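Residue numbers for the sequence shown follow the working numbering, beginning at 521 and rising by one.
Virtual Cβ for every residue (Gly too), placed ideally from N, Cα, C.
Because the structure is a prediction, the values reported are computed rather than measured.
Below is one structure, written out as structure tokens; the observations come after it.
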Amino acid sequence: MSGREEILGRVREALSVPSHAGVKAVSGEGVRDVREARGFLPDGGSTTEARLAKFRELAAKLKAEVELLPDLAAAGMYLADLAKKEGWRQIASHRHDLTNPALESLGVPILWTDDEPSTADLEKVEAGVTSCEALIAQTGSVLVTGKGCGGRALSVLPPHHVVMATLDQLLPDMLAGFDLLRERYRDQLPSFVSFITGASRTGDIERILVLGAHGPKRLTILILEN
């Protein structure tokens, strides 16, 4: 079988599987129809405990590290230990109620994206520490925006992305994430919105999984109980 025939065969196979009936396209007042998609998607959990269990399960499969910590003091200690183990010489972050206290005694130079550093300088740091808009239990994803999480590049350029979140930011599904953004930003949605699902990866070449292909090779998520 030639390569062309093999590709066409896969297309025919995919077309033979019927799509879910009843899910309507979004147009005008049809936004409510999208809610019907919940019936076809994995359950994100109805309680905090269930959502946390689902999030940790999926994050582990995606090669992301999740740490549940009691408070900001514990987060600061965890980051200090991480910096020592990995030999961080410089990190990047943005000023936030979570990142500021956790990083104040780190003892490593910090490049603040609020000060608009150059891309070249941002490329030199070993890690980027950001907040997030939400955590999505349904997919094990981190929801970030350019407006609330340190800009576009902070979660992409550093080889190690560390996310700081609180337990009450854990949402059941992506639709809840979009609802949050609409409520928070209304008609001023950020130009950059991203669902980060595990470390950057690709399997394009010979179907061999490679981490760190288009972004951070390592993703660590710190969830604070208080």
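- The DSSP-derived three-state label of L626 is coil.
- Around the beta-carbon of Q658, 16 or more other beta-carbon atoms lie within 10 Å, marking it buried.
- Pairing G671 with E636, the inter-Cα distance amounts to about 9 Å.
- In the DSSP assignment, G648 is bridged to A612, H681.
- Taking every protein chain shown into account, the CB of T619 has 16 or more other CB atoms within 10 angstroms, so this residue is buried.
- Between R702 and the set A654, A612, P679, E624, the nearest pair of CA atoms involves A654.
- With contacts defined as CB atoms closer than 9 Å, K605 and G660 fail to qualify as a contacting pair.
- Counting along the chain, the unbroken alpha helix (DSSP H) around A534 starts and ends at 523–535.
- Excluding five sequence positions before and after A579, the CB atoms of its chain that fall closer than 6 Å to its own CB belong to V586, G660, given in chain order.
- Between L642 and T633, the CB-CB gap stays under 9 Å.
- Cβ-Cβ distances below 7 Å link A595 to L589, A622, M684, L742, L744 in the same chain, with the five nearest sequence neighbours on each side left out; the list follows chain order.
- Nearest to R609 by C-alpha distance, out of L626, R615, L690, is L626.
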